[in-house]
Amino acid sequence: MEHFSIILALLRAALKDPSPAVLGHAGRLLAALRKDGEDQQATQLAKLLEGGEQSGRMQPSRVVLSRAALPGEAITPNVRPPVDKETGAPLADIMLPNMLELAQAPVLNSALRGSVDALIEEWRHLDRLRAMDIRPPLNCLLFGAPGTGKTKLAQIVSREIGLPLVTARLDGLISSYLGTTARNISALFTFANRYQCVLLLDEFDAIAKVRDDPHEVGEIKRVVNTLLQCLDQRSQLGITIAITNHDQLLDTAIWRRFDIRVSVPKPDLESRLDIVNRYVAPLDLSQQERRFLAWLTEELTGSEIETLANAIKRSAAMNPGSEFSAIEALKVHAMLSSNHHQHPRWEQLLGPVEALAAALGSDRDLDFTQDDLARFFGKDQSTISRWKRKHREVS
Ligand SMILES: Nc1ncnc2c1ncn2[C@@H]1O[C@H](COP(=O)(O)OP(=O)(O)OP(=O)(O)O)[C@@H](O)[C@H]1O
Ligand SMILES: [Mg+2]
19 MEHFSIILAL
29 LRAALKDPSP
39 AVLGHAGRLL
49 AALRKDGEDQ
59 QATQLAKLLE
69 GGEQSGRMQP
79 SRVVLSRAAL
89 PGEAITPNVR
99 PPVDKETGAP
109 LADIMLPNML
119 ELAQAPVLNS
129 ALRGSVDALI
139 EEWRHLDRLR
149 AMDIRPPLNC
159 LLFGAPGTGK
169 TKLAQIVSRE
179 IGLPLVTARL
189 DGLISSYLGT
199 TARNISALFT
209 FANRYQCVLL
219 LDEFDAIAKV
229 RDDPHEVGEI
239 KRVVNTLLQC
249 LDQRSQLGIT
259 IAITNHDQLL
269 DTAIWRRFDI
279 RVSVPKPDLE
289 SRLDIVNRYV
299 APLDLSQQER
309 RFLAWLTEEL
319 TGSEIETLAN
329 AIKRSAAMNP
339 GSEFSAIEAL
349 KVHAMLSSNH
359 HQHPRWEQLL
369 GPVEALAAAL
379 GSDRDLDFTQ
389 DDLARFFGKD
399 QSTISRWKRK
409 HREVS
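Dropping the structure here:
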């Protein structure tokens with residue numbers, strides 16, 4: 019990143035008396051640097067943040083978990099993640115709850131939101147459950163299509179229960195040397211069991227594949243067996259969240275180890291509208307345009323809707339004032355996306371406008387009135403009626 023030394027100096031000054039916002043922004047910057055593979059800069063920033071914590075100035079986490087119910091030491095800023103013995107590569111990233119302060123929870127449908135809230139409440143009150151001699155759900159598997167917000171959800175869960183997030187790094191864990199991957203997995207679990215934390219195993223299928231894969235030479239068996247032992251031991255000690263896009267690839271014994279298996283679906287119409295509203299801000303789109311976007315994005319993931327909203331905002335920025343048309347921007351975006359032919363609603367968007375108006379007018383979920391349609395297409399009601407008639411005659 020350009021001018022990083024200046025940013026670091028600014029942060030150093032701001033961290034002398036940090037507000038939660040400064041800590042949150044610093045956490046976001048750290049996550050972005052790690053995501054972009056800027057490891058050196060990420061390490062520098064992490065060290066700076068640790069210094070801030072060492073002097074006791076960091077804010078306490080928002081939620082205090084009933085920690086007495088959890089064994090293990092607290093992760094202090096001095097704690098380093100475990101490393102591969104041969105290469106020295108880190109096996110995990112550690113994120114303290116305040117680094118996730120500004121992370122936004124993904125939009126979830128109400129059923130899923132309810133289950134996740136219940137889960138967080140139980141994890142916050144482990145002591146109450148244990149007093150009843152009930153084993154709390156300490157293993158959770160999240161599965162679903164790419165881009166549905168699973169990783170984000172795990173981060174939010176970790177923040178909400180107020181524990182550091184220890185995320186396994188596949189690049190460090192997986193080794194081409196025989197036996198090293200299994201050894202690294204053991205080292206990771208030993209670390210996670212020593213400290214109070216949420217252990218996140220993202221892209222879990224990479225280490226938890228079925229053991230009878232004919233293309234594997236035995237190493238995967240060793241890895242999965244180690245993983246089974248580690249999961250069994252950990253289920254008495256701490257919280258683990260595993261995530262996969264390929265639940266069907268998971269070894270069945272591994273699958274059974276999880277108390278809770280949560281399918282994270284693509285968003286429904288109502289959730290899509292919430293996602294649209296979140297990502298089109300600060301653009302001033304009408305209610306009709308927003309509802310149209312939610313309708314158009316059926317079968318798309320939250321991540322894809324975010325990309326689409328960004329495309330619209332880009333177009334608005336480049337065509338200020340009356341030149342900007344959300345629908346034209348959408349058409350350009352649809353034309354540029356390689357799979358628009360597989361998506362019936364995108365085909366409708368790119369087809370004749372009369373047919374699109376008729377489709378919008380007859381969709382029960384969308385519930386567009388004649389007046390909505392007139393406003394949406396910037397036409398008067400008689401034009402809309404004429405379009406509808408024309409379309410009926412054609413079809
Ligand atoms: N339901 C949602 N609500 C709001 N934003 C979402 C939602 N789903 C995805 N996003 C956006 O997409 C980005 C990617 O989401 P995330 O990485 O959590 O998805 P994922 O399911 O883990 O994907 P993958 O399986 O590819 O790792 C998020 O940071 C967020 O900006
Ligand atoms: Mg993910």
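Residue numbering for the sequence shown follows this note's numbering, starting at 19 and increasing by one per position.
Every residue, glycine too, gets a C-beta built ideally from N, C-alpha and C.
Beta-carbon separation (whole angstroms), residue i vs residue j, contact threshold 8 Å
i	j	result
Pro99	Ile112	6 Å
Pro368	Lys349	Inspection of the sequence shows that residue 368 is occupied by Leu rather than by Pro. 6 Å between Cβ atoms; contact.
Ala375	Asn263	Actually they are not in contact, since the Cβ atoms of Ala375 and Asn263 sit about 37 Å apart, beyond 8 Å.
Ile272	Val175	No, Ile272 and Val175 are not in contact; Cβ-Cβ is about 20 Å, not under 8 Å.
Val216	Ile278	Actually they are not in contact, since the Cβ atoms of Val216 and Ile278 sit about 14 Å apart, beyond 8 Å.
Gly379	Lys406	6 Å
Arg177	Ala121	7 Å
Gly165	Thr319	4 Å
Arg363	Ile323	Contact doesn't hold; Cβ gap of about 13 Å is too wide.
Phe161	Ser253	At roughly 19 Å, the Cβ-Cβ gap does not stay under 8 Å, so Phe161 and Ser253 are not in contact.
Ala312	Leu287	6 Å
Pro124	Lys170	5 Å
Leu67	Leu48	7 Å
Ala347	Ser333	4 Å
Leu268	Asn211	Between Asn211 and Leu268 the Cβ distance is about 22 Å, and since that is not below 8 Å, they are no contact.
Ile203	Leu246	Not confirmed; about 10 Å, so no contact.
Leu218	Leu183	6 Å
Ala377	Gln366	5 Å
Leu33	Gln62	About 13 Å; that fails the 8 Å criterion.
Gln214	Ala92	6 Å
Val298	Ile330	7 Å
Ser193	Asp102	7 Å
Ile261	Ala172	6 Å
Boundaries (first-last residue) of the alpha helix (DSSP H) holding residue i
i	result
Ser23	22-32
Val350	344-354
Leu88	Taken as a continuous stretch (DSSP letters only), Leu88 belongs to no alpha helix (DSSP H), as it is neither H nor E.
Leu391	388-395
Arg363	362-368
Where the beta strand (DSSP E) through residue i begins and ends
i	result
Met113	110-113
Val371	No beta strand (DSSP E) holds Val371; the alpha helix (DSSP H) holding it covers 371-380.
Leu183	183-186
Exercise. Do three or more CB pairs link the stretch 179-198 to the stretch 216-224 at distances below 8 Å?
Worked result: yes
Problem set entry | Stretch-stretch touch, CB-based, cutoff 8 Å, three pairs: the stretch 291-302 with the stretch 139-159 | no
Problem set entry | Cβ contact (3+ pairs, closer than 8 Å) linking the stretch 149-163 and the stretch 193-202 | no
Exercise. Should the stretch 104-122 be called in touch with the stretch 41-60, which here means at least 3 C-beta pairs below 8 Å?
Worked result: yes
For this session: Return the chain-ordered ranges of every alpha helix (DSSP H) run that is complete within the stretch 131-174 and spans a minimum of 4 residues.
Result: 144-149
For this session: Let me know the beta strand (DSSP E) ranges lying completely inside the stretch 192-268, each 3 residues or longer, listed in chain order.
Result: 216-219, 257-262
Problem set entry | Entirely enclosed beta strand (DSSP E) segments - the stretch 260-332, minimum 3 residues | 278-281
Exercise. Would you call the stretch 204-219 and the stretch 128-136 touching, i.e. three or more CB-CB distances under 8 Å?
Worked result: no
Exercise. Any chance the stretch 379-394 sits against the stretch 301-316, with 3 or more Cβ pairs inside 8 Å?
Worked result: yes
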